[in-house]
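Q:
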Amino acid sequence: MKLDIFEYVYNKGLPDEWRVEECRLSQTNLIVGKNASGKSRILGAIYTLSELLLESESLALQPTSYEWHLLFDIDTPAEKTEYILKIEKGLVIKEKLIIYSERNEPLLDRDESGKGIIFAKEINQDIRFQTDQTALAVAKRRDSIQHPFLENLYQWSNSLRFYQFGTQLGQNSSVQIPYRIELIKNKTDFTKSDFVVSIFVIGEQEIGDRFTQAILSDMTKIGYNLSKIGTKVPSFLINLNIFGANTLINLPQFLYVKEADLTAVTEQSEMSQGMFRALSLLIQINYSLLASKPSCIVIDDIGEGLDYQRSSSIIKILIDKAQTGLVQLIMTTNDEFIMNGVPIEYWSVIERTPGSAKLHNISNSRDKIEEFKFIGLNNFDLFTSEFLLQKEGDEEAA
Amino acid sequence: MTPKKIACFVEGQTEQIFVERLFQEIAGYKKISIETYKFQGGKANRISQSLKSSTIKNAPFFVLLYDCGNDAHVVSDIGKQHQSLTKSGYEKILGIRDLYPIPLGKKEEIETGIRGFLKPLQKIGVPISVTLAVMEIEAWFLAEWNYFTKIDNRLTCDFIRQGCGLDLRITDIEQRAHPSQDLDEIYRLVSRNYDKSEKASQEIINALDYELLYLHLVKSIKQLKKFIDEIDSFLV
Numbered sequence: 021m022k023l024d025i026f027e028y029v030y031n032k033g034l035p036d037e038w039r040v041e042e043c044r045l046s047q048t049n050l051i052v053g054k055n056a057s058g059k060s061r062i063l064g065a066i067y068t069l070s071e072l073l074l075e076s077e078s079l080a081l082q083p084t085s086y087e088w089h090l091l092f093d094i095d096t097p098a099e100k101t102e103y104i105l106k107i108e109k110g111l112v113i114k115e116k117l118i119i120y121s122e123r124n125e126p127l128l129d130r131d132e133s134g135k136g137i138i139f140a141k142e143i144n145q146d147i148r149f150q151t152d153q154t155a156l157a158v159a160k161r162r163d164s165i166q167h168p169f170l171e172n173l174y175q176w177s178n179s180l181r182f183y184q185f186g187t188q189l190g191q192n193s194s195v196q197i198p199y200r201i202e203l204i205k206n207k208t209d210f211t212k213s214d215f216v217v218s219i220f221v222i223g224e225q226e227i228g229d230r231f232t233q234a235i236l237s238d239m240t241k242i243g244y245n246l247s248k249i250g251t252k253v254p255s256f257l258i259n260l261n262i263f264g265a266n267t268l269i270n271l272p273q274f275l276y277v278k279e280a281d282l283t284a285v286t287e288q289s290e291m292s293q294g295m296f297r298a299l300s301l302l303i304q305i306n307y308s309l310l311a312s313k314p315s316c317i318v319i320d321d322i323g324e325g326l327d328y329q330r331s332s333s334i335i336k337i338l339i340d341k342a343q344t345g346l347v348q349l350i351m352t353t354n355d356e357f358i359m360n361g362v363p364i365e366y367w368s369v370i371e372r373t374p375g376s377a378k379l380h381n382i383s384n385s386r387d388k389i390e391e392f393k394f395i396g397l398n399n400f401d402l403f404t405s406e407f408l409l410q411k412e413g414d415e416e417a418a
Numbered sequence: 485m486t487p488k489k490i491a492c493f494v495e496g497q498t499e500q501i502f503v504e505r506l507f508q509e510i511a512g513y514k515k516i517s518i519e520t521y522k523f524q525g526g527k528a529n530r531i532s533q534s535l536k537s538s539t540i541k542n543a544p545f546f547v548l549l550y551d552c553g554n555d556a557h558v559v560s561d562i563g564k565q566h567q568s569l570t571k572s573g574y575e576k577i578l579g580i581r582d583l584y585p586i587p588l589g590k591k592e593e594i595e596t597g598i599r600g601f602l603k604p605l606q607k608i609g610v611p612i613s614v615t616l617a618v619m620e621i622e623a624w625f626l627a628e629w630n631y632f633t634k635i636d637n638r639l640t641c642d643f644i645r646q647g648c649g650l651d652l653r654i655t656d657i658e659q660r661a662h663p664s665q666d667l668d669e670i671y672r673l674v675s676r677n678y679d680k681s682e683k684a685s686q687e688i689i690n691a692l693d694y695e696l697l698y699l700h701l702v703k704s705i706k707q708l709k710k711f712i713d714e715i716d717s718f719l720v
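So the sequence lines, in the order shown, correspond to chains A and B. Those letters in the first sequence? Residues 21 to 418, per this note's numbering, in order. Those letters in the second sequence? Residues 485 to 720, per this note's numbering, in order.
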């Protein structure tokens with residue numbers, strides 16, 4: 021499934037109301053905007069929804085309200101899907117799912133009482149249900165025999181990956197490696213960067229050379245010429261000299277790499293922030309692409325902490341991987357070199373007005389984008405000149 | 485019809501206004517579209533502003549006029565935009581910057597430095613030509629001394645010579661150390677001043693005789709000739 025149209029409202033009607041006006045997303049998206057324009061918040065709204073869709077437990081009681089309106093695969097009539105969700109103070113007020121290939125009426129429709137109707141495939145009719153007011157029916161009612169149409173939405177959220185590039189991305193994490201890979205797999209949350217060492221160990225064992233070679237190759241492309249990657253017990257633990265040789269096997273391990281021009285290995289704790297961020301992201305994305313295709317890769321602040329050459333290279337790798345793997349890519353950045361590396365057809369520039377964010381992109385500003393391409397300045401200047409945000413007559417006023 | 489495109493990087497407002505008019509005068513006003521952008525600040529606080537555009541429908545020539553806001557940025561900004569402009573189908577990139585306050589004796593050194601910086605770019609994309617206005621673009625205005633009487637009819641060559649000791653008819657203006665200061669001193673003879681403001685620059689640029697610049701002054705001002713030759717070869 022590809023998320024095509026997204027609309028979101030936070031605390032509707034309240035003084036702190038904030039909305040993302042209906043926006044059209046592409047296969048590859050780079051969201052740019054000034055500081056505090058809502059870039060991360062937009063990604064957060066997508067990620068939060070994906071988390072909720074996986075949650076069959078009750079929602080947490082919060083004094084806030086949220087509304088999402090999503091449309092998937094709108095250019096593929098057989099798969100076009102619409103999902104609406106409203107939550108107020110921890111209660112689901114409205115939830116509606118329409119899959120247009122099945123029928124134009126909702127396959128699931130519930131109200132704030134928790135009562136609703138859902139289509140039952142095997143008996144070929146709508147049935148009434150009542151679910152907990154604090155739970156999402158699409159998650160609670162999953163049943164691949166009676167309601168198989170709920171599975172696609174679940175799969176979309178289950179395979180969405182969200183990375184915050186400006187954070188540690190798991191640099192402080194380590195893992196005890198058991199004899200049986202299943203033991204570590206059961207404990208691993210593949211959506212969380214804190215499990216990056218576990219994800220590497222699982223990828224190395226399940227996928228093998230193809231996985232490690234993909235990481236090494238990608239790291240080399242961005243200027244980290246690595247010849248080897250693996251896990252080891254951190255030297256600082258060994259140096260404590262309080263463990264016998266036999267107990268080392270039970271100690272937690274973390275990542276190391278061998279840089280081609282260095283004689284010694286570089287351990288995870290010694291890696292620069294930029295190097296580890298790139299390594300962690302590439303481990304997680306390569307695993308995700310090789311083990312099971314993700315629906316959507318969401319990356320906040322891509323390029324943060326990388327230099328010019330590495331920013332420019334990593335963005336090329338990500339776009340290539342997403343396009344080859346037919347994975348939707350949604351990223352935000354403030355980085356000049358990332359902006360210059362992403363074709364402006366993939367851009368969405370945020371127009372921030374009090375209480376809302378509107379995205380300007382190829383779907384609603386094609387003429388302006390073509391005009392800018394003709395002028396031929398760096399993409400970064402599309403951002404600094406606010407070219408897409410100018411209204412007719414602005415130039416004369418300037 | 486897709487227009488031929490050229491980009492011209494200038495260091496400030498006076499150059500921007502002058503170059504815009506020069507293109508229009510040489511090409512003909514109906515044959516050239518000009519988009520002007522002004523850039524300020526560094527990476528973290530960069531501001532770019534689209535200034536007035538002179539858009540002519542179906543004009544065969546298009547000029548992107550890029551005001552770097554600072555002479556130190558002309559060459560580096562060309563470097564930053566070179567790949568993008570190459571991709572966008574530009575035929576040529578021009579740059580124009582002052583030498584002042586660097587002494588005239590350093591001109592060769594500066595030119596060598598610029599050539600060295602641009603060499604790798606020249607190999608992979610659209611050709612670049614940077615003109616060093618010696619010492620400032622105001623030198624070219626001094627050379628076209630006829631315009632002074634349009635500003636104030638007292639400002640004849642003799643009056644200027646008597647007031648400032650500068651005989652513009654015989655002076656090699658590329659040897660003047662600080663031409664904008666010369667202009668200011670001339671203006672002060674009639675109780676005015678030259679402050680490089682938009683108004684002051686525009687007044688001069690409206691009064692200049694472009695035919696004189698184009699046909700005659702190029703014979704004596706090497707850098708003006710180099711710049712106009714580049715424009716001429718683009719406009720064929």
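Note that beta-carbon positions come from the ideal geometry of N, C-alpha and C, so glycine has one too.
So what's alanine 280 of chain A in DSSP terms, helix, strand or just coil?
A: Taking the first sequence and counting its residues from 1, the one referred to as residue 280 of chain A is at position 260. Three-state result, alanine 280 of chain A: coil.
Q: Count the other CB atoms, across all protein chains shown, that sit within 10 Å of the CB of glutamine 348 of chain A; report buried if there are 16 or more and exposed otherwise.
A: In the first sequence, the residue the question calls residue 348 of chain A occupies position 328. So glutamine 348 of chain A ends up on the buried side.
Q: How is tyrosine 30 of chain A classed by DSSP in three states: helix, strand or coil?
A: Against the first sequence, residue 30 of chain A aligns to sequence position 10. The three-state secondary structure of tyrosine 30 of chain A, taken from DSSP, is strand.
Q: Determine the direct distance from the alpha carbon of methionine 485 of chain B to that of isoleucine 540 of chain B, and round the result to whole angstroms.
A: Position 56 of the second sequence holds residue 540 of chain B. Position 1 of the second sequence holds residue 485 of chain B. Here the alpha carbon of isoleucine 540 of chain B sits roughly 13 Å from the alpha carbon of methionine 485 of chain B.
Q: Let me know if proline 604 of chain B comes out buried or exposed under the rule of 16 or more other beta-carbons within 10 Å of its beta-carbon.
A: Sequence index remark: in the second sequence, residue 604 of chain B carries index 120 (1-based). So proline 604 of chain B counts as exposed.
Q: Determine, using beta carbons only, whether glutamate 415 of chain A comes closer than 8 Å to chain B.
A: As a working note, residue 415 of chain A is residue 395 in the first sequence. With a pLDDT of only 45 at glutamate 415 of chain A, under the threshold of 50, the placement of this residue in the model should not be trusted, and no figure is reported.
Q: Starting from asparagine 398 of chain A, find everything on chain B with Cβ-Cβ shorter than 7 Å and list it in chain order.
A: Here residue 398 of chain A is taken as the residue at index 378 of the first sequence, counted from 1. Those within 7 Å of asparagine 398 of chain A in chain B are Lys564, Gln565 and Ser568.
Q: Please report the distance separating the alpha-carbon of glycine 512 of chain B from that of phenylalanine 545 of chain B.
A: One-based indexing of the second sequence puts residue 512 of chain B at position 28. One-based indexing of the second sequence puts residue 545 of chain B at position 61. Cα-Cα distance, rounded: 10 Å.
Q: Among all the DSSP beta bridges, which residues are the ones paired with tryptophan 629 of chain B?
A: Here residue 629 of chain B is taken as the residue at index 145 of the second sequence, counted from 1. Answer is none; tryptophan 629 of chain B lacks a bridge partner.
Q: Classify cysteine 641 of chain B as helix, strand or coil using the three-state DSSP reduction.
A: The residue labelled residue 641 of chain B in the question sits at position 157 within the second sequence. Three-state DSSP puts cysteine 641 of chain B in a helix.
Q: Could you check whether the Cβ of glutamate 519 of chain B sits closer than 8 Å to any Cβ belonging to chain A?
A: Translated into the one-based positions of the second sequence, residue 519 of chain B becomes position 35. Judged by the 8 Å Cβ criterion, glutamate 519 of chain B is in contact with chain A.
Q: Using three-state DSSP, classify glutamate 37 of chain A as helix, strand or coil.
A: The residue labelled residue 37 of chain A in the question sits at position 17 within the first sequence. Glutamate 37 of chain A: coil per DSSP, three-state reduction.
Q: At what residue ranges does the segment 356-392 of chain A contain a whole run of the alpha helix (DSSP H), taking only runs of 4 or more?
A: Correct list: 356-361.
Q: At a CB distance below 8 Å, what residues from the segment 349-369 of chain A approach chain B? Give them in sequence order.
A: Glu356 and Asn360
Q: If contact means a Cβ-Cβ distance below 9 Å, which residues of the segment 375-386 of chain A contact chain B?
A: none
Q: For histidine 700 of chain B, does the count of other Cβ atoms within 10 angstroms reach 16, so buried, or fall short, so exposed?
A: Sequence index remark: in the second sequence, residue 700 of chain B carries index 216 (1-based). Exposed.
Q: Measure the alpha-carbon distance for serine 78 of chain A versus glycine 375 of chain A and round it to whole angstroms.
A: Along the first sequence, one-based indexing puts residue 78 of chain A at 58. Along the first sequence, one-based indexing puts residue 375 of chain A at 355. Taking the straight line from one Cα to the other gives about 29 Å.
Q: Any C-beta of chain A within less than 8 Å: which residues of the segment 687-713 of chain B qualify?
A: Along the segment 687-713 of chain B, there is no position whose C-beta sits under 8 Å from a C-beta of chain A.
Q: Which two residues bound the contiguous alpha helix (DSSP H) that contains leucine 236 of chain A?
A: On the first sequence, position 216 is the one that residue 236 of chain A refers to. For leucine 236 of chain A, the enclosing alpha helix (DSSP H) begins and ends at 229-241.
Q: What does the alpha-carbon distance come out to for the pair phenylalanine 80 of chain A and leucine 73 of chain A?
A: Counting from one through the first sequence, the residue named residue 80 of chain A turns up at place 60. Counting from one through the first sequence, the residue named residue 73 of chain A turns up at place 53. What sits at residue 80 of chain A in the sequence shown is alanine, not phenylalanine. Cα to Cα, the separation comes out at about 14 Å.
Q: Do valine 221 of chain A and glycine 190 of chain A have their C-beta atoms within less than 8 Å of each other?
A: Residue mapping note: residue 221 of chain A aligns to position 201 of the first sequence, counting from 1. Residue mapping note: residue 190 of chain A aligns to position 170 of the first sequence, counting from 1. Not a contact, by the Cβ cut-off of 8 Å.
Q: Which residues does DSSP list as the beta-bridge partners of phenylalanine 92 of chain A?
A: Along the first sequence, one-based indexing puts residue 92 of chain A at 72. DSSP, once it has assigned bridges, lists A/Leu23 and A/Thr101 as partnering phenylalanine 92 of chain A.
Q: Taking its Cβ as the centre, do 16 or more other Cβ atoms sit within 10 Å of serine 675 of chain B, making it buried, or is it exposed?
A: Here residue 675 of chain B refers to the residue found at position 191 when the second sequence is read from its first residue. Serine 675 of chain B counts as exposed, since fewer than 16 other C-beta atoms from the protein chains shown sit within 10 angstroms of its C-beta.
Q: Are the CB atoms of threonine 353 of chain A and isoleucine 322 of chain A nearer to each other than 8 Å?
A: Taking the first sequence and counting its residues from 1, the one referred to as residue 353 of chain A is at position 333. Taking the first sequence and counting its residues from 1, the one referred to as residue 322 of chain A is at position 302. Yes. Within cutoff.
Q: Check each candidate in A/Ser194, A/Leu34 and A/Tyr67 and name the one with the smallest Cα separation from phenylalanine 26 of chain A.
A: Here residue 26 of chain A is taken as the residue at index 6 of the first sequence, counted from 1. Comparing Cα positions, the closest option is A/Tyr67.
Q: Under the rule that 16 or more other beta-carbon atoms within 10 Å means buried, what is aspartate 401 of chain A, buried or exposed?
A: Within the first sequence, numbered from 1, the residue matching residue 401 of chain A stands at position 381. Buried, because 16 or more other Cβ atoms sit within 10 Å of the Cβ of aspartate 401 of chain A.
Q: Taking contact to mean 3 or more Cβ pairs, one atom from each stretch, closer than 8 Å, check whether the segment 231-239 of chain A and the segment 197-212 of chain A are in contact.
A: no
Q: Please determine, among A/Leu309, A/Ile358 and A/Ser315, the residue with the shortest C-alpha to C-alpha distance to glutamate 331 of chain A.
A: Counting from one through the first sequence, the residue named residue 331 of chain A turns up at place 311. The question names glutamate, yet the displayed sequence has serine at residue 331 of chain A. Nearest C-alpha to serine 331 of chain A among A/Leu309, A/Ile358 and A/Ser315: A/Ile358.
Q: On the DSSP bridge assignment, give the partners of methionine 351 of chain A in chain order.
A: On the first sequence, residue 351 of chain A is found 331 positions in, with the first residue counted as 1. Paired residue(s): A/Leu50 and A/Ile319.
Q: Using a Cβ cut-off of 8 Å (strictly closer), state whether aspartate 321 of chain A contacts chain B.
A: Working through the first sequence from its first residue, we reach residue 321 of chain A at position 301. With 8 Å as the cut-off, aspartate 321 of chain A does not count as an interface residue toward chain B.
Q: Counting only Cβ-Cβ distances shorter than 8 Å, please list the residues of the segment 246-259 of chain A near chain E, keeping chain order.
A: Judged by its chain identifiers, the structure shown contains no chain E, and its protein chains are A and B.
Q: Is the Cβ of leucine 549 of chain B closer than 8 Å to any Cβ of chain A?
A: Along the second sequence, read from residue 1 onward, the residue named residue 549 of chain B stands at position 65. Cβ-Cβ to chain A under 8 Å: no for leucine 549 of chain B.
Q: Do you know how far the Cα of proline 35 of chain A is from the Cα of glutamate 499 of chain B?
A: On the second sequence, residue 499 of chain B is found 15 positions in, with the first residue counted as 1. On the first sequence, residue 35 of chain A is found 15 positions in, with the first residue counted as 1. Glutamate 499 of chain B and proline 35 of chain A have their C-alpha atoms spaced approximately 50 Å apart.
Q: Which same chain residues end up closer than 6 Å to serine 70 of chain A when comparing Cβ atoms and leaving out the 5 residues on each side of it in sequence?
A: Translated into positions along the first sequence, residue 70 of chain A becomes position 50. Closer than 6 Å at the Cβ level, and outside the excluded window around serine 70 of chain A, lie Ser177 and Leu180.
Q: Might you give, ordered along the chain, the residues of its own chain that have their beta carbon closer than 6 Å to the beta carbon of lysine 709 of chain B, omitting 5 neighbours on each side?
A: Position 225 of the second sequence holds residue 709 of chain B. Val702.
Q: Pull up the distance between the alpha-carbon of leucine 63 of chain A and that of leucine 173 of chain A, whole angstroms please.
A: If you number the first sequence from 1, residue 63 of chain A lands on position 43. If you number the first sequence from 1, residue 173 of chain A lands on position 153. The alpha-carbon atoms of leucine 63 of chain A and leucine 173 of chain A are separated by roughly 18 Å.
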